[in-house]
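Quick note: the sequence shown uses this note's numbering, first residue 691, plus one each step.
Don't be surprised by glycine CBs; every beta carbon is placed ideally from N, CA and C.
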Amino acid sequence: GLGDFTRGHISVRHDGNPILFYMKPHGFGFEEMTVENIVTCDLSGAKVDGVQKRHSEVFIHSEIFKARPDLHSVIHFHSPYSVAFAATGHKLKPLSQPAALFADVLPMFSETIDLIREPAQGKAVVDALGPYKALLLRGHGAVVAGETLEEAVISAIMLEEACMIHLLASSAEVNHPLPDADDVARLKVNLCNEEQFTVNFGYLKRKFG
691 GLGDFTRGHI
701 SVRHDGNPIL
711 FYMKPHGFGF
721 EEMTVENIVT
731 CDLSGAKVDG
741 VQKRHSEVFI
751 HSEIFKARPD
761 LHSVIHFHSP
771 YSVAFAATGH
781 KLKPLSQPAA
791 LFADVLPMFS
801 ETIDLIREPA
811 QGKAVVDALG
821 PYKALLLRGH
831 GAVVAGETLE
841 EAVISAIMLE
851 EACMIHLLAS
861 SAEVNHPLPD
871 ADDVARLKVN
881 LCNEEQFTVN
891 FGYLKRKFG
């Protein structure tokens with residue numbers, strides 16, 4: 691549900707060679723990715739293997755992988771609620787369980803709403819991301835990364851849900867106080883354990899496989 695025609699892209703770092711990563715090619719939707727059309731790129735953003743065209747926004751991925759050896763998967767997407775929420779300029783509040791994952795750790799990239807097609811732009815995205823794993827791009831979408839593919843995918847879906855719930859709640863009068871910060875922190879720990887990402891990713895594989 692995060693696709694936008696053929697826009698948006700996902701990458702996974704090569705298990706055996708951390709300076710390489712696999713990525714969705716240009717001109718294909720998320721659901722069209724296969725072993726045959728995936729391309730392999732290096733940390734300069736150059737395509738080193740694959741028959742399809744490299745995506746022009748490769749530098750989001752190459753620059754994050756270059757700067758963050760702890761991250762092994764990156765997703766950039768243009769989902770409606772993340773774009774709409776970013777347009778408000780508001781801070782994401784912990785109004786839901788998915789939002790707990792991003793409480794106080796969701797920065798904004800506001801330098802441009804244009805495509806990220808140059809290494810310097812990719813570096814600017816990395817600078818905005820800082821030590822975190824998710825980032826909103828004003829007027830453009832979101833970037834979510836993870837230590838595993840499973841973490842990146844589930845976190846991306848949860849970010850879209852969190853933005854949707856925040857916008858829906860903001861359209862009505864919210865009378866309840868925000869949850870206690872310690873309560874939110876405990877929930878985040880529970881949601882961020884590896885089993886949660888693996889189990890829910892497994893569900894998606896069964897559902898769409």
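State yes or no: is the C-beta of residue i within less than 7 Å of the C-beta of residue j?
| i | j | result |
| --- | --- | --- |
| Leu733 | Ile709 | yes |
| Phe891 | Glu840 | yes |
| Ala825 | Ala818 | The sequence as given places Leu at residue 825; Ala does not occur at that position. Yes, Cβ-Cβ distance for Leu825 and Ala818 is below 7 Å. |
| Glu753 | Val816 | yes |
| Ser800 | Arg828 | yes |
| Leu877 | Ala790 | yes |
| Ala793 | Val702 | no |
With a threshold of 16 other CB atoms inside 10 Å of the CB of residue i, please say whether the residue is buried or exposed.
| i | result |
| --- | --- |
| Ser746 | exposed |
| Lys743 | exposed |
| Gly698 | buried |
| His856 | buried |
| Leu796 | buried |
| Gly735 | buried |
| Ser715 | In the sequence as presented, Ser is not what sits at residue 715; that position holds Pro. Buried, since its Cβ has 16 or more Cβ neighbours within 10 Å. |
| Leu868 | exposed |
| Val879 | exposed |
| Gly812 | buried |
| Met848 | buried |
| Ala852 | buried |
| Ala846 | buried |
Could you check which residue in the options has the C-alpha nearest to that of residue i?
| i | options | result |
| --- | --- | --- |
| Gly693 | Tyr712, Pro770, Thr724 and Phe749 | Pro770 |
| Ile765 | Leu894, Leu881, Arg896 and Tyr712 | Tyr712 |
| His830 | Ala793, Leu805, Thr838 and Val889 | Leu805 |
| Gly643 | Thr730, Phe720 and Ile754 | Residue coverage of the chain in this structure runs from 691 to 899, which leaves residue 643 outside it and unanswerable. |
| Arg758 | Ala862, Ala835 and Phe720 | Ala835 |
| Phe898 | Met723, His780 and Ser800 | Met723 |
| Leu858 | Thr778, Ile844 and Ala810 | Thr778 |
| Phe775 | Thr888, Ala832, Arg896 and Phe755 | Ala832 |
| Val741 | Asp872, Gly717, Thr838 and Ala852 | Gly717 |
| Tyr893 | Val843, Asp870 and Asp872 | Val843 |
When you compare only the Cα positions, how much space is there between residue i and residue j?
| i | j | result |
| --- | --- | --- |
| Ile750 | Pro784 | 27 Å |
| His762 | Glu885 | 17 Å |
| Tyr822 | His704 | 21 Å |
| Met854 | Gln787 | 12 Å |
| Ile803 | His768 | 12 Å |
| Val864 | Lys737 | 49 Å |
| Phe695 | Gly719 | 6 Å |
| Thr888 | Ile728 | 23 Å |
| Asp760 | Ser772 | 25 Å |
| Glu837 | Gly820 | 15 Å |
How is the beta strand (DSSP E) around residue i delimited, first residue to last?
| i | result |
| --- | --- |
| Gly836 | Gly831 to Gly836 |
| Phe767 | Ser763 to Phe767 |
| Ile754 | Note, Ile754: premise wrong, no beta strand (DSSP E); alpha helix (DSSP H) at Val748 to Ala757. |
| Lys813 | Segment Pro809 to Leu819 is the alpha helix (DSSP H) holding Lys813; no beta strand (DSSP E) there. |
First and last residue of the alpha helix (DSSP H) that includes residue i?
| i | result |
| --- | --- |
| Cys853 | Leu839 to Ser860 |
| Arg828 | No alpha helix (DSSP H) contains Arg828, which DSSP labels as neither H nor E. |
| Phe775 | Pro770 to Thr778 |
| Lys895 | Glu884 to Phe898 |
Compare the C-beta of residue i against all C-beta atoms of chain C and say whether one is closer than 7 Å.
| i | result |
| --- | --- |
| Arg744 | The structure shown contains no chain C; it holds only a single protein chain. |
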